[in-house]
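S.K.: What follows is a structure written as structure tokens; I'll ask about it next.
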Amino acid sequence: MSLGLLLVQALNGLQFGVLLFLVAAGLTLVFGVMDFINLAHGVQYMLGAYLGASLAAMTGSFWLALLLALPAALALGLLLEWLVFRHLYDRDHLSQVLATFGVILFLNQAVRAIWGSAPLQMPVPALLEGGIALMPGLQYPIYRLAILAAGLLTAALLWLLVERTRVGALVRAGASNAAMVAALGVDIRRLFMLVFGFGAMLAGFAGVMAAPVLSVDPGMGDSVLILAFVVIVIGGIGSVRGAFLAALLVGLIETLGRSLLPDLLRLVMAASPARQAGAAIGSMLVYIAMALILAVRPRGLFPVRG
Amino acid sequence: MVTIGRRGTLGLAAGLAMPAVWARAQGAGASPGIKIGLVAVQTGPAASLGTHLRDGFLLGLKHLDGKLGGLPAEVVQIDDELRPEVAVTKVRAALERDKVDVVAGVVFSNILAAIIRPVTESGTLLISTNAGPSTFAGRGCNPNFFTTSYNNDQVHSVMGQAAQDAGHKRVFVLTPNYQAGRDAVAGFKSRFKGEVVDEVYVPLNQLDFSAELAKIAAAKPDALFTFMPGGLGVNLVRQYRQAGLGNIEFLSTFTVDEATLPAQGDAAVGFYAAATWAPNMDNPQNLRFVRDFEAAYNYVPASYAAQSYDAAMLLDSAVRRVGGKIADKDALRAAVRAADFRSVRGNFKFGANHYPVQDFWLCKVAKRADGKFQTETVRKVLENDTDPYAAECRMR
Numbered sequence: 022m023s024l025g026l027l028l029v030q031a032l033n034g035l036q037f038g039v040l041l042f043l044v045a046a047g048l049t050l051v052f053g054v055m056d057f058i059n060l061a062h063g064v065q066y067m068l069g070a071y072l073g074a075s076l077a078a079m080t081g082s083f084w085l086a087l088l089l090a091l092p093a094a095l096a097l098g099l100l101l102e103w104l105v106f107r108h109l110y111d112r113d114h115l116s117q118v119l120a121t122f123g124v125i126l127f128l129n130q131a132v133r134a135i136w137g138s139a140p141l142q143m144p145v146p147a148l149l150e151g152g153i154a155l156m157p158g159l160q161y162p163i164y165r166l167a168i169l170a171a172g173l174l175t176a177a178l179l180w181l182l183v184e185r186t187r188v189g190a191l192v193r194a195g196a197s198n199a200a201m202v203a204a205l206g207v208d209i210r211r212l213f214m215l216v217f218g219f220g221a222m223l224a225g226f227a228g229v230m231a232a233p234v235l236s237v238d239p240g241m242g243d244s245v246l247i248l249a250f251v252v253i254v255i256g257g258i259g260s261v262r263g264a265f266l267a268a269l270l271v272g273l274i275e276t277l278g279r280s281l282l283p284d285l286l287r288l289v290m291a292a293s294p295a296r297q298a299g300a301a302i303g304s305m306l307v308y309i310a311m312a313l314i315l316a317v318r319p320r321g322l323f324p325v326r327g
Numbered sequence: 325m326v327t328i329g330r331r332g333t334l335g336l337a338a339g340l341a342m343p344a345v346w347a348r349a350q351g352a353g354a355s356p357g358i359k360i361g362l363v364a365v366q367t368g369p370a371a372s373l374g375t376h377l378r379d380g381f382l383l384g385l386k387h388l389d390g391k392l393g394g395l396p397a398e399v400v401q402i403d404d405e406l407r408p409e410v411a412v413t414k415v416r417a418a419l420e421r422d423k424v425d426v427v428a429g430v431v432f433s434n435i436l437a438a439i440i441r442p443v444t445e446s447g448t449l450l451i452s453t454n455a456g457p458s459t460f461a462g463r464g465c466n467p468n469f470f471t472t473s474y475n476n477d478q479v480h481s482v483m484g485q486a487a488q489d490a491g492h493k494r495v496f497v498l499t500p501n502y503q504a505g506r507d508a509v510a511g512f513k514s515r516f517k518g519e520v521v522d523e524v525y526v527p528l529n530q531l532d533f534s535a536e537l538a539k540i541a542a543a544k545p546d547a548l549f550t551f552m553p554g555g556l557g558v559n560l561v562r563q564y565r566q567a568g569l570g571n572i573e574f575l576s577t578f579t580v581d582e583a584t585l586p587a588q589g590d591a592a593v594g595f596y597a598a599a600t601w602a603p604n605m606d607n608p609q610n611l612r613f614v615r616d617f618e619a620a621y622n623y624v625p626a627s628y629a630a631q632s633y634d635a636a637m638l639l640d641s642a643v644r645r646v647g648g649k650i651a652d653k654d655a656l657r658a659a660v661r662a663a664d665f666r667s668v669r670g671n672f673k674f675g676a677n678h679y680p681v682q683d684f685w686l687c688k689v690a691k692r693a694d695g696k697f698q699t700e701t702v703r704k705v706l707e708n709d710t711d712p713y714a715a716e717c718r719m720r
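Line order of the protein sequences matches chains V and P.
Per our numbering, the first sequence starts with residue 22, numbered consecutively.
Per our numbering, the second sequence starts with residue 325, numbered consecutively.
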């Protein structure tokens, strides 16, 4: 394997990691601040993708679709909060898991009823079409670089928001001791709603950004959700910084492991079993890494709660 | 509820006491029609395939004025939910409660494997209109089981032959890491004699193919062979095009078809597929099928629809051949076996194992004048091909 290929794979890993971060950021805030397990977070990512794809088809413009999809995702998030989630904050985690799982089933089926079960497509915006030849024969799509840039920018803005503003301070305080924040006279319900809507919008943003690259289909949120949970558990629940680093770590492990392992195993095994074992272990690698990290740091890399 | 319970018990008692007489009484009894249990998945990501399958069969019935061989036909729709245990329960209910005369449909092999015994052991004919695993083609063949599709392995081997014919020397292979993926590689290699530069297996829930695409670019093969059904294929095709790999020939099976093309769009144009049928096949029955299908359902039919349409025509021919006496299962089976109908594929007959003996084509994705996408035949790769397991089949 050449150095060029290795660098491209690292870039792929970072780009996938950044996409995971966009989904995981909202999840970690909601989980951390509100102590609320929202399995439906993946569905909100899916809704973002569907809104983006159909708005793009309606308006004919990616940018307009992105602009409209964000408030729509926010509104849907707030609606869900008002309709379902708000009644679950005081319940135990099991009730939350059950109810939000119900929301997954309901919304997956609703999406199927509205848009049909065949996957949709969303075109890459003309401005970001084409690619850059990072290695011979491979055009690295500009759009993927744009995802990387958008993710890094979002991470920077989130950091500013959480670390440098008053709302951010409240969010951090809520993450370490919600009861105390409420006792100090902060309307915690409103803070929760704000955080929840923001998280839904971030997930929707990730969905719109992913739509031109990944297939938009019912259930697309479910596979992302599992990795997003891995990310927030590794990063430390409630920590945006942790989610960012963990997302990049998971993206890199996933991508590099999958591409390098079969070749590495071939050094010690015959080609055919090495390929299959490599593929099998490659897909387990993220979970093995999670287990190892949790064994050493049970609260994740950047624990929030004191 | 009480009535149903009582009738069920009565039926059970009668069935235990004198099955033959009871069955005949049913056949010659009040209902002069024919009931078809149509198994088509309507739940989950694969539901669009089930919709193709169902619409194809229903269009066939519509063309036959709602009759099969002159008998008024009734369709009992069964959603298998892509869960074998659900499929078995629902199919059992269709057999015992609804008394269906024939079970047809089935998109996925694992569903077929679950229902084949309950259906065929009750003496009912099972006509698969898509799933065609090799399990039931060789030693496991079954007199009451027919398929109007193909043996899966055949399709992969056709692509191997096509790569061989095209003179490709170095091919990169990419499939999901499960049994069907490994079967695809074996099928492809059975006819491709050139070098397989690398075989890469990905998890079934893979989202992003960027790592694999970089590997393909680095290996610089003449062509890629891949089998990526459903959403996997949508992601792969679009990312492959976005990565500028479009100049490396894209040879695929079950990856680009009319069910996935609406989502793949322009990215798939020029990509290859192996198939037994394509919407552009030029024969009168196919022209009528495609035209009326698009008029009725407003989308381009895929092979699932075509094979199910054929199944309706096949059943029509069989019921006609036995003069509507469908209670005589042996005669009906022989009549189905004769395959005395005109397929939308042109050539069609059954081999010794009740799998079709037919032509296989290399197809290419094209954009039509109306902006929709379809696969179109490029050349015939294999003529009257019998599936490789047929020789092992001993019908009992």
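By construction, the Cβ of each residue, glycine as well, lies at the ideal position given by its N, Cα and C atoms.
1. Since Thr471 (chain P) contacts Gly456 (chain P) with CB under 8 Å, what's their CB separation in whole angstroms?
2. To the nearest angstrom, how far is the alpha carbon of Glu716 (chain P) from that of Phe512 (chain P)?
3. Going by DSSP, what residue range makes up the alpha helix (DSSP H) through Ala642 (chain P)?
4. Within this structure, are the beta carbons of Gly228 (chain V) and Leu68 (chain V) separated by less than 8 Å?
5. For Ser293 (chain V) and Arg463 (chain P), I'd like the C-alpha separation in whole angstroms.
6. Would Leu362 (chain P) and Gln401 (chain P) qualify as a contact pair, given that the criterion is a beta-carbon distance under 8 Å?
7. Are any of the Cβ atoms in chain V nearer than 8 Å to that of Val624 (chain P)?
8. Using a Cβ-Cβ cutoff of less than 8 Å, which residues in the same chain neighbour Pro369 (chain P) once the five nearest sequence positions on both sides are dropped?
9. To which residues of the same chain is Leu26 (chain V) closer than 7 Å at the C-beta, ignoring the five residues directly before and after it?
10. Just reading off the alpha helix (DSSP H) that Gly38 (chain V) is part of, what are its end residues?
11. Examine the Cβ distances between the segment 31–46 of chain V and the segment 190–206 of chain V and report whether three or more of them are shorter than 8 Å.
12. Mapping DSSP to helix, strand and coil, what is Ala602 (chain P)?
13. Would you call the CB atoms of Phe83 (chain V) and Pro146 (chain V) closer than 8 Å?
14. Out of V:Ala224, V:Asp208, V:Pro162, state which residue places its alpha-carbon closest to the alpha-carbon of Leu148 (chain V).
15. Any heavy atom of the ligand COA within a distance shorter than 7 Å of the CB on Ile358 (chain P)?
16. Is the segment 98–105 of chain V touching the segment 274–285 of chain V, taking contact as three or more C-beta pairs under 8 Å?
17. Let me see if you follow: with CB-CB separation under 8 Å, is Asp664 (chain P) close to chain V or not?
18. Check each residue of the segment 115–132 of chain V: if its Cβ is closer than 7 Å to any Cβ of chain P, include it; give the result in chain order.
19. Please list the residues of the segment 31–53 of chain V that have a C-beta atom closer than 9 Å to any C-beta atom in chain P, keeping them in chain order.
20. Is it buried or exposed, Val307 (chain V), if we count other Cβ atoms within 10 angstroms and call 16 or more buried?
21. For the alpha helix (DSSP H) containing Pro92 (chain V), list its first residue and its last residue.
22. Can the beta-carbon of Phe432 (chain P) be found less than 8 Å from the beta-carbon of Ala635 (chain P)?
23. What are the start and end residues of the beta strand (DSSP E) that includes Tyr161 (chain V)?
24. I want to verify the contact list: residues of chain V whose CB lies under 7 Å from the CB of Glu523 (chain P), in sequence order.
25. Can you pull the DSSP bridge partners for Val237 (chain V)?
26. With a cut-off of 8 Å, does the C-beta of Tyr308 (chain V) fall near any C-beta of chain P?
27. Of all the CB atoms in chain V, is at least one closer than 8 Å to the CB of Asn632 (chain P)?
28. By how many angstroms is the C-alpha of His678 (chain P) removed from the C-alpha of Ala438 (chain P)?
29. Output, in chain order, the set of chain P residues within a Cβ distance shorter than 9 Å of Val289 (chain V).
30. For Phe432 (chain P), does the three-state DSSP call read helix, strand or coil?
31. Kindly say whether Asp238 (chain V), judged by its beta-carbon, lies nearer than 8 Å to any beta-carbon of chain P.
32. Along the chain, where does the beta strand (DSSP E) that runs through Pro396 (chain P) open and close?
33. Nearest chain B C-beta to Met156 (chain V) closer than 8 Å, yes or no?
34. With DSSP run on the structure shown, which of helix, strand or coil describes Pro527 (chain P)?
35. Going straight from the alpha carbon of Gln478 (chain P) to that of Thr584 (chain P), what length do you get?
36. Please tell me whether Gly393 (chain P) has its Cβ less than 8 Å away from any Cβ of chain V.
M.R.: According to the structure data:
1. 5 Å
2. 21 Å
3. 627–645
4. yes
5. 28 Å
6. yes
7. no
8. Gly554, Gly555
9. Met156
10. 24–55
11. no
12. coil
13. yes
14. V:Pro162
15. Only the bare structure without any ligand can be found here, which leaves the ligand COA out of the picture.
16. no
17. no
18. none
19. Leu32, Asn33, Gly34, Gln36, Phe37, Leu40
20. buried
21. 83–104
22. no
23. 159–162
24. Arg296
25. V:Leu141
26. no
27. The question names Asn, but residue 632 (chain P) is Ser in the sequence shown. Chain V, which has no Cβ nearer than 8 Å to the Cβ of Ser632 (chain P), makes this no.
28. 19 Å
29. Within 9 Å Cβ-Cβ: nothing; Val289 (chain V) doesn't reach chain P, min ~18 Å.
30. coil
31. yes
32. 395–402
33. Given the protein chain composition of this structure (V and P), no chain B is represented.
34. coil
35. 21 Å
36. no
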